[in-house]
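Participant: In terms of my numbering, the numbers along the sequence shown are unbroken and rise by one, the last being 371.
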Amino acid sequence: MKLIRVADAAQAGKVAAEIIAQKIKSCPDCVLGLATGSTPIETYNNLVQMYRQESVDFFRVRAVNLDEYIGLGAEHDQSYAWFMRQYLFDHVNIDPANTYIPNGLETDSDKECRRYDAVIESLGGIDLQLLGIGPNGHIGFNEPADTFAKGTHRVDLTEATIAANSRFFESIDQVPKQAYSMGIQNIMHARQLLMVATGENKARAVRDAFRGAITPWVPASVLQLHPDFTLIADEAALSLVLDKL
Ligand code: PGA
């Protein structure tokens, strides 16, 4: 595991965008695994800026997202499909046909999970997967549980995640209770992993994930086993593990 310490979220976004842009330059048709939430917004802002300065070209890039809420269609403004268009896809020259996300409106979850795993496989796997971390240690929507889920699966969101994500909705009752998420195997098979963790509310998750035991109760802890995993974290997120990672 490689740690890049940064001062704050702005710097984290800049460094993450540079690593992603480097990947695109070395492999113009790479498969990027993308994430949603507040953390990657800075990364996407920087990538959009780099695209406008003509220092990165998304023309041949393929993008596959980690997760989507069940019950929200791509036109719902809290869906992750909408989020990706809002913060990245509408502002760069990626081909919409090369962007993939679970279909939150598919009610046959077995079918949707099989379809999404097949999409990832047909792309030849993920070259670089961007990740955030939930305050409870989740990655994608792999919530703390007694086993690691392998492939794409339907998740019952924990109360903690529903509460954490309620800030994006008018009320907590509007937060979907389930999601489709890539599984731990999908994520671990990515050839390169890049996590961004910023802010004090991630300090406990960062400590538990990277200083503690590898356990499905802290899903991000499994990343300790990945051969090419980089954590970009600010001092606040590292405040409980300074000098120990
Ligand atoms: P956040 O979410 O970036 O909104 O904190 C991260 C996550 O839950 O993976």
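We put the beta carbon where it would ideally sit given N, CA and C, even for glycine.
So what does DSSP say about F295, is it helix, strand or coil?
Facilitator: F295 falls in the coil class under three-state DSSP.
Participant: With a Cβ-Cβ cutoff of 8 angstroms, do N268 and S307 count as a contact?
Facilitator: In this structure, S307 lies closer than 8 angstroms to N268 by Cβ.
Participant: Could you tell me whether any non-hydrogen atom of the ligand MN is closer than 7 angstroms to the CB of S205?
Facilitator: Judged by which ligands are present, the ligand MN is missing from the structure shown, whose ligands are the ligand PGA.
Participant: Quick one: Cα of L231 to Cα of G277, how far?
Facilitator: So the alpha carbons of these two residues sit roughly 19 angstroms apart.
Participant: Are there any heavy atoms of the ligand PGA lying less than 7 angstroms away from the beta-carbon of G139, as far as the coordinates show?
Facilitator: No, the Cβ of G139 stays beyond 7 angstroms of every heavy atom of the ligand PGA.
Participant: Would the beta-carbon of I288 be found less than 7 angstroms away from any heavy atom of the ligand PGA?
Facilitator: No, the ligand PGA has no heavy atom inside 7 angstroms of this Cβ.
Participant: Measuring straight from C-alpha to C-alpha, what distance separates A359 and V141?
Facilitator: Between A359 and V141, the C-alpha separation is close to 10 angstroms.
Participant: Does the pairing of the stretch 140-157 with the stretch 253-265 give three or more beta-carbon distances under 8 angstroms?
Facilitator: Touching, per the Cβ criterion.
Participant: Taking 5 angstroms as the limit, tell me which residues put their C-beta closer than that to any heavy atom of the ligand PGA, in chain order.
Facilitator: My final list is G163, S164, T165, G258, G260.
Participant: Beta carbon of V190, beta carbon of I246: below 8 angstroms?
Facilitator: Yes, Cβ-Cβ distance for V190 and I246 is below 8 angstroms.
Participant: Let me know the secondary structure DSSP gives I265 once reduced to three states.
Facilitator: Looking at I265 - three-state DSSP - the assignment turns out to be strand.
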